[in-house]
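Heads up, the thing below is written out as structure tokens.
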Amino acid sequence: MDDARNPYTPGAGLKPVELVGRDPQLRAVAVLRERTANQLVGRSVMLHGLRGVGKTVLLREMQNRLEAADWLTVAIEAQSERRAGQQVRRQLERGLVAGARRMQTRAERFSDKLHTALATISSFTVDVGVKLKVDLEPTKGRADSGDLELDLPELVADITPALQAAGIGFAVFADEIQDLDRETLAALLSTQHQAVQQGWPFYLFGAGLPSVPATLADVRPYAERQFEYHSIGQLSKAEAAEAYAGPAARSGARFDTDALSSLVDASAGYPYFVQEFGAHTWRAAAGPEVITVQDAILGRLSGGEALDSGFFLARWERATKSEQRLMQAMALDSGPSAVQDLVSRLGKRKLQDLSVTRSALIAKGLLYAPARGELAFTVPHMATYIMRRDDWSVHG
Ligand SMILES: Nc1ncnc2c1ncn2[C@@H]1O[C@H](COP(=O)(O)OP(=O)(O)O)[C@@H](O)[C@H]1O
Ligand SMILES: [Mg+2]
Numbered sequence: 470m471d472d473a474r475n476p477y478t479p480g481a482g483l484k485p486v487e488l489v490g491r492d493p494q495l496r497a498v499a500v501l502r503e504r505t506a507n508q509l510v511g512r513s514v515m516l517h518g519l520r521g522v523g524k525t526v527l528l529r530e531m532q533n534r535l536e537a538a539d540w541l542t543v544a545i546e547a548q549s550e551r552r553a554g555q556q557v558r559r560q561l562e563r564g565l566v567a568g569a570r571r572m573q574t575r576a577e578r579f580s581d582k583l584h585t586a587l588a589t590i591s592s593f594t595v596d597v598g599v600k601l602k603v604d605l606e607p608t609k610g611r612a613d614s615g616d617l618e619l620d621l622p623e624l625v626a627d628i629t630p631a632l633q634a635a636g637i638g639f640a641v642f643a644d645e646i647q648d649l650d651r652e653t654l655a656a657l658l659s660t661q662h663q664a665v666q667q668g669w670p671f672y673l674f675g676a677g678l679p680s681v682p683a684t685l686a687d688v689r690p691y692a693e694r695q696f697e698y699h700s701i702g703q704l705s706k707a708e709a710a711e712a713y714a715g716p717a718a719r720s721g722a723r724f725d726t727d728a729l730s731s732l733v734d735a736s737a738g739y740p741y742f743v744q745e746f747g748a749h750t751w752r753a754a755a756g757p758e759v760i761t762v763q764d765a766i767l768g769r770l771s772g773g774e775a776l777d778s779g780f781f782l783a784r785w786e787r788a789t790k791s792e793q794r795l796m797q798a799m800a801l802d803s804g805p806s807a808v809q810d811l812v813s814r815l816g817k818r819k820l821q822d823l824s825v826t827r828s829a830l831i832a833k834g835l836l837y838a839p840a841r842g843e844l845a846f847t848v849p850h851m852a853t854y855i856m857r858r859d860d861w862s863v864h865g
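All residue numbers for the sequence shown refer to this note's numbering, where the first residue is 470 and numbers rise by one.
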């Protein structure tokens, strides 16, 4: 059928036509928003899960909803290069300036406190070289030390009273939060910790790999109680069916029952796979209205090929030969692998013989450690992909 009406969106961070199965998370954001409107503190949300389950689009939807409720929101992105902390600070600065500008346009909603807030944003952001159109000098000595762990609490202390009075808050959104440098992460966590104790509406929202709760607890032990942690995983069969059928209906098409259940099975409930199989089935379908089981079979075939040559291959090729051998050894396990087993499978002698490869693969975001002494793929179905490859061999 006509690709111009193809309603599926395979691709990292691409907003789906229907965001299926995320009501609990969106509800948590609504509760925080309502509590803030009632001058109460609440808890922000931390999303964790494998690649392709829909964390990025959900995090962005949360930001959009708070922004629509007039909150001051800033998105930051983890950086892997050196001076990562500096980069994140620049993002915070730019985001604050943009947010402050939006606030200025609705200044009548705020008290005089808004002026103090804007002046502090000016001093926090002197380096950006963007002048806020306020007839105020930056407040000297406030939030301008250059050390985020000192500046961020001051900034939050100065700007949140104005927001709080208006029943709104300040929220920072960090995607791929496991890649954030330790200092920035510590600054964000400790600022939120102080904020909650003081009753200031400042919240950090994040998304990252399944190891995120452990990573945060490692940086600041109290992080465990700071968030509502939501594990984002596979959609149920009914939700996956909705993720296929909903967008199709909006584009004027529907699935035969068998076609739908075949596609639900193919996706195993993973949103990325739903979008890929959906897009390919749509293209394969003769139409004009009904998508048949024949179309679904074709869509499964070409969707599967597209996943192999895109989603999976891109990750595989990010690894060196020896890293690939480690992943081949892991593919034998149906769940997480015990590093000890990998040592013997690869003919090594001790755990340390694998530690460089292991760390490199974790740094590349291909593996994570679900528990001490264990390793798992961050990409769903990576093991079966590896076994499908021509170069598959048990001993590497
Ligand atoms: N709730 C959902 N329902 C249907 N499709 C979704 C949903 N969430 C994400 N998707 C789709 O899944 C893919 C991966 O989403 P993304 O947010 O990039 O995942 P992650 O950040 O977890 O890797 C995208 O193609 C997106 O359109
Ligand atoms: Mg993502």
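C-beta: ideal position from N, C-alpha, C; glycine also.
Being a predicted model, the structure only gives us computed values, none of them experimental.
Query                                                                                                                                                                   : Result
Between the beta-carbon of V681 and the beta-carbon of H517, is there less than 7 angstroms?                                                                            : yes
What does a CB cutoff of less than 8 angstroms around V597 pick up in its chain, not counting 5 residues either side in sequence?                                       : Low local confidence applies: a pLDDT of 46 at V597 is under 50, so the model's placement there is unreliable, with the coordinate-based value given in what follows. So the qualifying residues of the chain are R559, E562, R563, V566.
I need the straight-line Cα distance from A473 to A755, nearest angstrom please.                                                                                        : 14 angstroms
Using the C-alpha atoms, what's the distance from P740 back to E536?                                                                                                    : 25 angstroms
Keeping to the same chain, check which residues put their C-beta closer than 7 angstroms to that of S659; ignore five residues upstream and five downstream.            : E618, R689
Checking 7 angstroms against the spacing of the C-beta atoms, do L823 and V812 come in under that value?                                                                : yes
By the DSSP assignment, the alpha helix (DSSP H) with H749 in it spans what residues?                                                                                   : 740-753
To the nearest angstrom, how far is the alpha carbon of E792 from that of M470?                                                                                         : 41 angstroms
Can you find the residues in the same chain that come closer than 6 angstroms, C-beta to C-beta, to K790, ignoring five residues on each side of it along the sequence? : none
The alpha helix (DSSP H) spanning L541 covers which residue range?                                                                                                      : Counting along the chain, L541 falls outside any alpha helix (DSSP H), though it belongs to the beta strand (DSSP E) covering 541-546.
On a CA-only basis, which of S730, P670, V665 is nearest T542? Give me that one, please.                                                                                : P670
When DSSP labels each residue in this structure, what does H699 get in the three-state scheme?                                                                          : strand
Does the beta-carbon of K895, which I'm using as the reference point, lie nearer than 6 angstroms to any heavy atom of ligand 2?                                        : Residue 895 lies beyond the residue range present for the chain, which begins at 470 and ends at 865; the question has no answer from this structure.
For the beta strand (DSSP E) holding E843, just list the boundary residues, first then last.                                                                            : 843-846
Quick one: residues in its chain with C-beta nearer than 8 angstroms to the C-beta of R651, no 5 flanking neighbours on either side, listed in chain order?             : V688
Any idea which residues DSSP pairs Y672 with across the strands?                                                                                                        : A640
Where do the N-terminal and C-terminal ends of the beta strand (DSSP E) with M515 fall, by residue?                                                                     : 513-517
Given a cut-off of 7 angstroms, decide if H749 and Q494 are closer than it, judged by their beta-carbon atoms.                                                          : no
Which residue wins for smallest C-alpha separation from L632, given the options D648, M572, A676, D644?                                                                 : M572
Determine the DSSP secondary structure at Y691, reduced to helix, strand or coil.                                                                                       : coil
Over the uninterrupted alpha helix (DSSP H) stretch that includes D773, give me the two end residues.                                                                   : As written in the sequence, residue 773 is Gly, which differs from the Asp given in the question. Where G773 is concerned, the enclosing alpha helix (DSSP H) stretches over 762-776.
Using a Cβ-based criterion (distance less than 6 angstroms to any ligand heavy atom), does P690 qualify as near ligand 1?                                               : no
For Q744, verify whether its CB is less than 6 angstroms away from any heavy atom of ligand 1.                                                                          : yes
What do you reckon, are the CB atoms on G715 and V510 nearer than 7 angstroms?                                                                                          : no
In angstroms with no decimal places, state the Cα-to-Cα distance between I701 and Q797.                                                                                 : 26 angstroms
Report the start-end ranges of each alpha helix (DSSP H) in the region 481-512 that is 4 residues or longer and not cut off at the edges.                               : 492-506
Hey, quick one: how far does the alpha helix (DSSP H) through K817 stretch, first residue to last?                                                                      : Where K817 is concerned, there is no enclosing alpha helix (DSSP H), given that its DSSP letter is neither H nor E.
State the Cα-Cα distance for the pair Q532 and F642, rounded to the nearest angstrom.                                                                                   : 7 angstroms
What's the gap between the Cα of L840 and the Cα of L519?                                                                                                               : The sequence given here has Ala at residue 840, not Leu. Approximately 15 angstroms, taken between the alpha carbons.
Looking at C-alpha atoms only, which residue of Y691, S730, A497, N475 is the closest neighbour of R534?                                                                : A497
Leaving out five residues on either side along the sequence, give the residues of the same chain with a beta carbon under 7 angstroms from the beta carbon of P479.     : Y741, Q744, E745, A748
Residues in its own chain within less than 6 angstroms of D604 by CB, not counting five upstream and five downstream?                                                   : Here D604 scores only 43 on pLDDT, less than 50, and its place in the model is too uncertain to base an answer on.
Please say whether A547 and D648 have beta carbons closer to each other than 7 angstroms?                                                                               : yes
Hey, is V489 close to ligand 1, as in C-beta under 6 angstroms from one of its heavy atoms?                                                                             : yes
Return the first residue and the last residue of the alpha helix (DSSP H) that I628 is part of.                                                                         : 617-634
State the DSSP-derived secondary structure class of Y477, mapped to helix, strand or coil.                                                                              : coil
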